[in-house]
Ligand SMILES: C[S@@+](CC[C@H](N)C(=O)[O-])C[C@H]1O[C@@H](n2cnc3c(N)ncnc32)[C@H](O)[C@@H]1O
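Numbering (the working numbering), first residue to last: 866 to 1072.
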C-alpha cells in the first residue's frame, strides 16, 4: 500500500496532466442534477465562502459563483488551481488533510469525486478538518464512488494509476457520522450501470 504522501504525489501528477482534458469536457447529467439540488439546499451567507474541495478545473466552482455564491476552491493539482485563477475563482493549492482556513470560516462544503482517493487515516483527517472549518450548521455535500469495501488502482492515460478506496454505504456514513453526528441525506446513484461501483451522494450538517 502506498503511503499518503506518495498517493498525493501520484494524484497530483495525474490530475495536473489531466486538467485541460477535464476542463474541455462537460460534466454529466447526474452531476448537474446534484448541483441543482445543492443550490436549493445551500444557504451560504455572503460573509463566508462555499469551499469546493478537490475542485478540479473549477467548472463547478464557477457554476456556484454564477449562482451567486462566494466560492473558494482547493485542490492538490496546481494546474487545476491555475484553471481556477484564470476563470476568476480564488483557488488554493493544498490537501484536504490540512486545510488553510480558520475555524468556522467556511459556509458550506461541496466535494465531488475526491474523498474516495483518501485512505482511512487521511479521510479521517480530512473529515476532522472539514468539521473544523465549517460554521455551525454548515453543510458538507459530498459525492464518492463507493461499493463493496475494496481498494482499486485505476490505470489511466494521464499518469500514475489512481487509488480508489471504495467504501460501503454503511461504512462511509459511519465515518462521516463520527465527525458530523448526523447524515441528513444519503442517496445511491448509478450513472454507469455496468460498473461495480455506485455514486454516494451525501449531505451532512456540522453540529
Ligand atoms: C476525480 S477529480 C474530481 C474533480 C472535480 N471535483 C470534478 O468532479 O470534476 C478528483 C480531484 O480531487 C483532487 N484531490 C485528490 N486528493 C486530494 C486531496 N487529498 N486534497 C485535495 N484535493 C485532492 C484531485 O487533484 C482532483 O482534482
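A virtual CB, placed ideally from N, CA and C, is assigned to each residue, including glycine. Keep in mind it's a predicted model, so treat the numbers as computed, not measured.
My guess is that residue 1076 and residue 1065 are in contact by the Cβ rule of under 8 Å, so how many angstroms apart are they, rounded?
Past the edges of the chain, shown from 866 to 1072, lies residue 1076, and the structure says nothing about it.
Classify residue 977 as helix, strand or coil using the three-state DSSP reduction.
strand
Continuous alpha helix (DSSP H) stretch holding residue 949: start and end:
943-951
Can you tell me where the alpha helix (DSSP H) holding residue 1035 begins and where it ends?
1034-1045
Residue closest to residue 917, alpha-carbon to alpha-carbon, out of 906, 911, 910, 930:
930
Verify whether the separation of the beta carbon atoms of residue 937 and residue 961 is less than 8 Å.
no
How many angstroms separate the CA atom of residue 908 from the CA atom of residue 973?
8 Å
Assuming residue 1068 and residue 1043 make a contact with CB atoms under 8 Å, what is their CB distance in whole Å?
16 Å between Cβ atoms; not a contact.
Using alpha carbons as the reference points, say which of 1011, 877, 893 lies closest to residue 959.
877
Give a yes or no on contact between the stretch 935-950 and the stretch 988-1001, applying the rule of three or more CB pairs nearer than 8 Å.
no
Cβ-based neighbour list, residue 1045, same chain, cut-off 8 Å, excluding 5 preceding and 5 following:
992, 996, 1005, 1069, 1070, 1071, 1072
Should residue 976 and residue 1007 be called a contact, given that it needs their Cβ atoms to be closer than 8 Å?
yes
Which word fits residue 881, buried or exposed, when buried means at least 16 other C-beta atoms lie within 10 angstroms of its C-beta?
buried
Local Cβ density within 10 Å of residue 1041, reported as buried at 16 or more and exposed below that:
buried
Taking 7 Å as the cut-off, is the CB of residue 927 close to at least one heavy atom of ligand 2?
Among the ligands present in this structure, namely ligand 1, ligand 2 is not found.
Just list the beta strand (DSSP E) runs in the stretch 975-1021, keeping only unbroken ones of 3 residues or longer that don't cross its boundaries, in chain order.
1004-1011, 1015-1021
Please determine whether the Cβ atom of residue 961 lies at a distance below 7 Å from any heavy atom of ligand 1.
yes
Please classify residue 886: is it buried, with 16 or more other beta-carbons within 10 angstroms of its beta-carbon, or exposed?
exposed
Nearer than 7 Å: is that true of the beta carbon of residue 1061 relative to any heavy atom of ligand 1?
no
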